[in-house]
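> Once you've had a glance at the structure underneath, I'll fire off some questions.
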Amino acid sequence: MPTGPDVRVPSDIRAPAVISRRHPEVGERLPRVRGQPVSEEDYANEQHSATPARAAPGERRPPVNGFAPAAPLLLGGVLAAVAALYLAARLLRVTGEHLVTQPFGSGLEPNEHAMSRFHPRWYPVTLLFLAFDMEMVFMYPWTQVVSAMGPGAVIEMFVFLGVLLAGVVYAWREGALRWT
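For the sequence shown, the residue numbers in the working numbering are 6 to 185.
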C-alpha cells in the first residue's frame with residue numbers, strides 16, 4: 006500500500022477512503038475524502054481513467070486506436086509465416102516427375118491401372134452408403150424445425166426411415182450385404 010506525506014492510511018476500517026488531488030495553484034497534493042463534493046476547477050485538474058498515469062497534470066492523451074497496438078504483432082506474424090514458407094520451399098525441393106505419374110492414393114504402390122473396372126459387389130455397398138448419407142443430410146435440418154412443425158414432422162421422418170429400413174431389409178434378403 007503506498008504511503009507518504011500526501012496519502013493518509015485510515016486506522017479504522019470503517020473510515021472513508023482518502024483520494025489525493027492536486028492544488029490548482031501550488032501543485033501539491035491535498036487529501037480529499039471520498040464522497041466530498043468537487044468543484045469544477047478541481048474536477049478539471051484531476052486525472053481520469055482515460056488518461057495514462059504518466060501524463061502531466063494538465064495533459065490529456067487521446068485513447069489508443071484499437072488496431073495500432075496489434076499492427077506490429079500482426080506484421081511480425083505475417084513476416085514469420087512468409088519466411089517459414091520461403092525457407093521450406095527453398096530447403097525442401099521436390100522433383101515432381103515421380104508424383105505426376107502416380108495417382109493419388111494411400112501411399113502404397115498401385116497394382117493396377119487407375120481406370121480399371123470395379124467388382125460389382127461394391128455397387129450395393131455404395132448405394133447403401135449413399136442412402137444412409139442422404140438420411141443424415143435430411144435429419145440434421147429436421148432436428149432444427151421439428152418443434153415448430155409439430156407431430157406432422159415426426160410422422161414424416163418415421164415414414165422416411167421406414168422406406169430406408171425397407172430398402173435395407175430388401176438388400177439383406179437379396180444377399181447384397183454378403184461379402185462372397
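Note that the Cβ used here is the ideal one computed from N, Cα and C, for glycine as well.
Small disclaimer: the values here were computed from a predicted structure and weren't measured.
Do Pro125 and Ala176 come within 8 Å of each other at the CB atom, strictly closer than that value?
Not a contact, by the Cβ cut-off of 8 Å.
> Under the assumption that Phe165 contacts Phe143 (Cβ atoms under 8 Å), give the Cβ distance between them as a whole number of angstroms.
Indeed they touch by this definition, with Cβ atoms about 7 Å apart.
> How many Å lie between Met154 and Met141 at the Cα?
The straight-line gap from Cα to Cα measures roughly 19 Å.
> With DSSP collapsed to three states, give me the class of Ala181.
Looking at Ala181 - three-state DSSP - the assignment turns out to be coil, as it is neither helix nor strand.
> Do Ala136 and Trp147 have their C-beta atoms within less than 8 Å of each other?
No.
> Which of the three DSSP states is assigned to Pro125 in this structure?
The answer is coil: DSSP assigns Pro125 none of H, G, I, E or B.
> Does DSSP put Met141 in a helix, in a strand, or in coil?
Of the three classes helix, strand and coil, the one that applies to Met141 here is helix, per DSSP.
> Rounded to whole angstroms, what is the Cα-Cα separation between Tyr145 and Gly71?
Approximately 40 Å between the Cα atoms of the pair.
> Go ahead and pull the three-state DSSP assignment for Leu92.
The answer is helix: DSSP assigns Leu92 an H, G or I state.
> Should Asp17 be labelled buried (16 or more other beta-carbon atoms within 10 Å of its own) or exposed?
Low confidence applies here, because Asp17 scores a pLDDT of 46, under 50, leaving its location unreliable; read the following figure in that light. Result: exposed.
> Between Pro57 and Leu79, what straight-line distance do the alpha-carbon atoms span, to the nearest angstrom?
For Pro57, the predicted structure reports a pLDDT of 47, less than 50, and the residue's modelled location is therefore unreliable. A value from the coordinates is still provided. Each residue's alpha carbon lies about 25 Å from the other.
> In its own chain, which residues sit with a C-beta less than 8 Å from the C-beta of Val150, not counting the 5 before and 5 after it?
Around Val150: Ala158.
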